[in-house]
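Have a look at the structure below before the remarks.
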Amino acid sequence: MAIWLTKESKVIVQGMTGSEGSKHTKRMLAAGTNVVGGVNPRKAGQKVSFDGVELPVFASVADAMASTGADATVIFVPPQFTRTAVVEAIDAGIPLAVVITEGVPVHDTAAFWAYNVAQGERTRIVGPNCPGIASPGASNAGIIPADITGSGRIGLVSKSGTLTYQMMYELRDIGFSTCVGIGGDPIIGTTHIDALAAFQADPETDAIVMIGEIGGDAEERAAEFIKDNVTKPVVGYIAGFTAPAGKTMGHAGAIISGSAGTAEAKQAALEAVGVKVGKTPSETARLMRQIMSGN
11 MAIWLTKESK VIVQGMTGSE GSKHTKRMLA AGTNVVGGVN PRKAGQKVSF DGVELPVFAS
71 VADAMASTGA DATVIFVPPQ FTRTAVVEAI DAGIPLAVVI TEGVPVHDTA AFWAYNVAQG
131 ERTRIVGPNC PGIASPGASN AGIIPADITG SGRIGLVSKS GTLTYQMMYE LRDIGFSTCV
191 GIGGDPIIGT THIDALAAFQ ADPETDAIVM IGEIGGDAEE RAAEFIKDNV TKPVVGYIAG
251 FTAPAGKTMG HAGAIISGSA GTAEAKQAAL EAVGVKVGKT PSETARLMRQ IMSGN
């Protein structure tokens, strides 16, 4: 089983006719994703061929949903258009919107996040600035390479795209139910807590890997949630143990101030609720192997 994205998911791509959207639509199709069309109001009515698969282009998300039954969208549009694209997806009521675009102004993300809340949160937003969601062997929405790992019973939630890929590779022989890259911007749609709750409820996920990084308090809040709500084993990794204080490292949200948001503080919070925390991705994978083997 998978969370949020399954083999039955019908995926559209906002920005499918652009260079990035086109490239990754081809990759998603090759991974077995049920991509059913794209959205570009300037090219509505056209069809685009991807290695023999012809996909229609629609004027809007609502039109695409009405014609194809789409229930997920992947957004590959430039940062200045992302807010409009996400609001359009929310207005159409699509259940899942995966926002790949990086460089989205924080006030734009805040605006479409608040708009989604005001509309009753009918749409699950993942991102922005994220690699997407992969349910190995079932569906792949975003830019996560499809051949790193197979299906299995580990759930993965990560702020970092590259660390998502590394952890998938490290545990490729065990496999994953779903891998969720939530992105590292200061404001994001789906959080560690959202993914932890979904994996806890998924009967075919046996254990969870949670990857965080310096900055903010998301991991500390996740630790509190784990203490009260998660009974499955969780292994954690915090990127940034060697990062100098006051420096932004990689993601816009990965900045620490004084003792707040440090890797050490996050590690302590997680270990206090029984989460085993690795100092490196390889050590984190080793800890998960011990759990999955019953040792």
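For the sequence shown, our numbering gives the first residue as 11, with consecutive numbering after it.
For each residue, glycine too, the CB sits at the ideal point set by N, CA and C.
Determine the contact status of residue i and residue j, defining contact as a CB-CB distance below 8 Å.
| i | j | result |
| --- | --- | --- |
| Phe60 | Gly47 | no |
| Ala232 | Ile203 | yes |
| Glu229 | Ala282 | no |
| Met38 | Val58 | no |
| Gly165 | Ile184 | no |
| Ala151 | Val21 | yes |
| Ala82 | Leu106 | yes |
With a CB to CB cut of under 8 Å and the five nearest residues on each side skipped, what residues in its chain are close to residue i?
| i | result |
| --- | --- |
| Asn239 | Leu206, Ala207 and Gln210 |
| Thr241 | Gln210 |
| Val285 | Met220, Ala233, Ile236, Val244, Val245 and Gly246 |
Does DSSP put residue i in a helix, a strand or coil?
| i | result |
| --- | --- |
| Ser77 | helix |
| Gln56 | coil |
| Ile301 | helix |
| Asn126 | helix |
| Pro89 | helix |
| Glu18 | coil |
| Thr188 | strand |
| Arg296 | helix |
| Met38 | helix |
| Val240 | coil |
| Leu173 | helix |
| Val96 | helix |
| Ser267 | For Ser267, the pLDDT reaches just 49, beneath the cut-off of 50, and the residue's location in the model is therefore unreliable, leaving the point undetermined. |
| Ala278 | helix |
| Gly62 | coil |
| Gly31 | helix |
Whose CA, out of the options, lies closest to the CA of residue i?
| i | options | result |
| --- | --- | --- |
| Ser187 | Thr215, Met177 and Ile198 | Thr215 |
| Thr119 | Ile198, Tyr179, Ile22 and Asp227 | Ile198 |
| Gly137 | Ile85, Tyr125, Leu181 and Thr159 | Ile85 |
| Val108 | Gln24, Ser168 and Leu181 | Gln24 |
| Ile13 | Gln129, Val45 and Val190 | Val190 |
| Pro51 | Thr43, Phe91, Glu64 and Pro105 | Phe91 |
| Tyr175 | Ser77, Gly226 and Ser145 | Ser145 |
| Ser170 | Gly250, Gly28, Tyr125 and Asp227 | Gly250 |
| Ala124 | Ala148, Pro213 and Arg93 | Arg93 |
| Ser32 | Glu18, Ile153 and Val127 | Ile153 |
Should residue i be counted as a contact of the ligand FMN given a C-beta to heavy atom distance under 7 Å?
| i | result |
| --- | --- |
| Glu223 | The ligand FMN is not part of the structure shown, which contains no ligands of any sort. |
For residue i, which residues of its own chain have a beta-carbon under 6 Å away from its beta-carbon, when the five flanking residues on both sides are left out?
| i | result |
| --- | --- |
| Gly103 | Arg132 |
| Ile355 | Coverage of the chain is limited to positions 11 through 305, which leaves residue 355 absent and any answer about it impossible. |
| Ile301 | Ala217 and Pro243 |
| Arg299 | none |
| Gly55 | none |
| Lys36 | Phe60 |
| Leu15 | Ile143, Ser145, Ser149 and Ala151 |
Near residue i, which residues of its chain fall below 7 Å by C-beta distance, leaving aside the five closest residues on each side in sequence?
| i | result |
| --- | --- |
| Val87 | Gln24, Gly25, Ala95 and Thr111 |
| Glu98 | Ser70 and Val71 |
| Met75 | Ala102 and Ile104 |
Query raised in the report: Of all the beta strand (DSSP E) runs that stay within the bounds of the stretch 97-167, which reach a length of 3 or more residues?
Result: Counting only runs of 3 or more, we get 106-109, 134-136, 142-145 and 149-152.
Report task. Enumerate, from N- to C-terminal direction, the unbroken alpha helix (DSSP H) stretches of 4 or more residues contained entirely within the stretch 197-250. Result -> 202-211 and 228-239
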